[in-house]
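Under the numbering used here, the residue at position 46 of the sequence shown is numbered 333, and the numbers go up by one with no gaps. Beta carbons are placed, not taken as given, at the ideal position from N, Cα and C, and that holds for glycine.
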Amino acid sequence: MIEIEKVNKWYGDYHALVDVTESVARGEVVVVCGPSGSGKSTLIRTLNRLEPIQSGNIRVNGQDIHAQNIDLNAFRSGIGFVFQQFNLFPHLTALENCTLAPMHLRGLSAKVAQEKALSLLDRVGLADKASAMPESLSGGQQQRVAIARALAMEPPLMLFDEPTSSLDPEMVGEVLLVMRDMAKEDMTMVCVTHEMGFAREVADRILFMDAGKILERATPDDFFNRP
Ligand code: ADP
Ligand code: ADP
Numbered sequence: 288m289i290e291i292e293k294v295n296k297w298y299g300d301y302h303a304l305v306d307v308t309e310s311v312a313r314g315e316v317v318v319v320c321g322p323s324g325s326g327k328s329t330l331i332r333t334l335n336r337l338e339p340i341q342s343g344n345i346r347v348n349g350q351d352i353h354a355q356n357i358d359l360n361a362f363r364s365g366i367g368f369v370f371q372q373f374n375l376f377p378h379l380t381a382l383e384n385c386t387l388a389p390m391h392l393r394g395l396s397a398k399v400a401q402e403k404a405l406s407l408l409d410r411v412g413l414a415d416k417a418s419a420m421p422e423s424l425s426g427g428q429q430q431r432v433a434i435a436r437a438l439a440m441e442p443p444l445m446l447f448d449e450p451t452s453s454l455d456p457e458m459v460g461e462v463l464l465v466m467r468d469m470a471k472e473d474m475t476m477v478c479v480t481h482e483m484g485f486a487r488e489v490a491d492r493i494l495f496m497d498a499g500k501i502l503e504r505a506t507p508d509d510f511f512n513r514p
């Protein structure tokens, strides 16, 4: 589903991604870990073209996503992105946050979009918060709304960039639980996270980055049990 080929990325003269080559198969759950500043966030942001690259290729579903002539909106509609900061629309309710894109980008009627959003809010344990404004929700609840919002586009691919890093410790578990359920449903997921319990339990593969390179690729068993 994702093919990354010899990708190089510079910020000015800082070489943030160094000849990165990797692929992710459909249905795979890949966890990207590594020290702060190693390029994890940069890598995941290149996968939906939030960051440009200077050389190499990235194909998602066979499409060269860094090509000049790509339809960015159409392409991004197929990718759910969950950020460290939840980035909800502050003036919209939880439900409205989840219906906006499906109505405008997928052309769903308000009724269909709302039914769908309600079932997604139910799925992330927030059926009773549909009419709540983001500021009245806890961080963990806001992040679950953000996940429901991403899922509302029915994307074949979900990207997570440190989805629990800005949460209070007691809220991390509720977000990981939702992510764990998604992983079980055959969703293709790439997750930048420091949650090694999640990686051990849920990942098909773990990538370890350092200084802009993927230094290790391993199954959780190999990654955690190596001498
Ligand atoms: P990680 O997610 O592993 O913490 P990042 O991908 O955020 O790492 O950053 C990798 C390196 O690139 C860091 O040294 C960071 O300071 C640098 N960097 C990230 N974004 C920018 C930017 N917009 N401009 C300049 N340098 C950046
Ligand atoms: P994250 O790792 O979650 O991206 P950071 O704190 O590394 O969080 O980065 C936050 C924002 O600041 C990002 O948009 C990133 O591109 C930018 N940034 C990070 N490092 C630098 C840097 N050295 N110079 C300029 N911008 C940077």
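For threonine 308, the enclosing beta strand (DSSP E) starts and ends at 301-311.
A residue is called buried once 16 or more other Cβ atoms fall within 10 Å of its Cβ, and phenylalanine 447 is buried on that count. If you compare the alpha carbons of Gly412, Asp415 and Thr451 with that of phenylalanine 485, the shortest gap goes to Thr451. Sequence-distant Cβ neighbours of arginine 436 in its own chain, meaning closer than 6 Å and more than five residues away, are Asn384 and Cys385. With a 10 Å radius around the Cβ and a threshold of 16 neighbouring Cβ atoms, leucine 438 comes out buried. Comparing alpha-carbon positions, the option among Lys471, Arg410 and Ala400 lying closest to glycine 314 turns out to be Lys471. Each of Cys320, Ser418, Val318 and Met469 was checked against the Cα of histidine 378, and the nearest Cα belongs to Ser418.
For valine 432, the enclosing alpha helix (DSSP H) covers residues 426-438. DSSP places aspartate 509 inside the alpha helix (DSSP H), whose first and last residues are 507-512.
Your pair isoleucine 340 and proline 442 does not check out as a contact, with CB atoms roughly 21 Å apart and the cut at 8 Å.
When rounded, the separation of the alpha-carbon atoms in alanine 505 and phenylalanine 373 is 30 Å. Looking at the DSSP output, glutamine 401 sits in no beta bridge, so it has no partner there. The stretch 414-429 and the stretch 389-399 do not touch, with fewer than three beta-carbon pairs separated by less than 8 Å.
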